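**Student:** Please see the structure below; I have some questions.
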Amino acid sequence: MKNPNRRALVANAIAGSVLASGVLHASDEDAGKNGDKMWTLEGELKVHPKFVYRYYLMILDGQKCALYGADHSRDPKPLASVQLPARVRVRGKLGTEHHSGGTRDNPSPFPVGWWVYMNVHEVEVLK
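Residue numbers (mature numbering (1 follows the signal peptide of the UniProt record, and there is no 0)): -26 to -1, 1 to 101.
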């Protein structure tokens, strides 16, 4: 089986989120100079103390989206100031990242796989 490319994985992840949750929105005026769009996601903000990403968003039944800072930092200040548990609306740029599982000499404790992430630019706590 041929390995899927990054663009196909992002498209499939986004399509799945749209169908499952109905909370993913973008508009054409959000497109930047290089075509990047600002996307909006809503869900429950969670913290993982030991995974590759610290903050993530739970969307419906188990779907996760890793959350990084606008500069792709692991500990974004806007998310750190949110009092948990909280439902949030985040806005930013979506992407995918592959974790290879480390090397033969230095294996990773985390599983091999892809995840969808967002570089968060705005955070709004929902009631």
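From the three backbone atoms N, C-alpha and C, an ideal C-beta is built for every residue, glycine too. Note that this is a predicted model, so its numbers are computed, not measured.
What runs of the beta strand (DSSP E), each 3 residues or longer, lie entirely inside the region 51 to 98?
**Tutor:** 60 to 73
**Student:** Which of helix, strand or coil does DSSP assign to residue 31?
**Tutor:** In the sequence shown, residue 31 corresponds to position 57, counting from 1. Residue 31 falls in the strand class under three-state DSSP.
**Student:** Note down, in chain order, each residue of its chain lying with its Cβ closer than 6 Å to the Cβ of residue 58, except the 5 sequence neighbours on either side.
**Tutor:** Within the sequence shown, residue 58 is the residue found at index 84, counting from 1. Counting only Cβ-Cβ distances below 6 Å, and skipping sequence neighbours, we find nothing.
**Student:** Which residue from 17, 79 and 68 puts its Cα closest to that of residue 100?
**Tutor:** Here residue 100 refers to the residue found at position 126 of the sequence shown. Nearest option by C-alpha distance: 17.
**Student:** State the beta-bridge partners of residue 36 as determined by DSSP.
**Tutor:** For the purposes of this step, residue 36 is taken as the residue at position 62 of the sequence shown. According to DSSP, residue 36 bridges with nothing at all.
**Student:** What residue does the beta strand (DSSP E) around residue 21 start on, and which one ends it?
**Tutor:** Taking the sequence shown and counting its residues from 1, one reaches residue 21 at position 47. Run containing residue 21: 13 to 21, per the beta strand (DSSP E) assignment.
**Student:** Quick one: measure Cβ to Cβ for residue 77 and residue 88, integer angstroms, because I've assumed they're closer than 8 Å.
**Tutor:** Residue numbering aside, residue 77 sits at position 103 when the sequence shown is read from its first letter. Residue numbering aside, residue 88 sits at position 114 when the sequence shown is read from its first letter. Rounded, the Cβ-Cβ distance is 18 Å, inconsistent with contact.
**Student:** Decide if residue 40 is buried, meaning its Cβ has at least 16 other Cβ atoms within 10 Å, or exposed.
**Tutor:** As a working mapping, residue 40 is identified with position 66 in the sequence shown. By the neighbour-count rule (16 or more Cβ atoms within 10 Å), residue 40 is buried.
**Student:** Please tell me whether residue 67 and residue 92 are closer than 8 Å, where the distance is taken between their beta carbons.
**Tutor:** For this step, residue 67 is matched to residue 93 along the sequence shown. For this step, residue 92 is matched to residue 118 along the sequence shown. Yes, the Cβ-Cβ distance between residue 67 and residue 92 is below 8 Å.
**Student:** Could you name the residues of the same chain whose beta carbon sits closer than 8 Å to that of residue 44, not counting the 5 residues immediately before and after it, in chain order?
**Tutor:** Working through the sequence shown from its first residue, we reach residue 44 at position 70. Result list for residue 44: 50, 66, 93, 94 and 95, in chain order.
**Student:** Assuming residue 56 and residue 19 form a contact by the criterion Cβ under 8 Å, report the distance between their Cβ atoms to the nearest whole angstrom.
**Tutor:** Here residue 56 refers to the residue found at position 82 of the sequence shown. Here residue 19 refers to the residue found at position 45 of the sequence shown. 6 Å between Cβ atoms; contact.
**Student:** Going by C-alpha distance, which of 82, 63 and 24 is nearest residue 97?
**Tutor:** As a working mapping, residue 97 is identified with position 123 in the sequence shown. Across the set 82, 63 and 24, the C-alpha of 63 shows the shortest separation from the C-alpha of residue 97.
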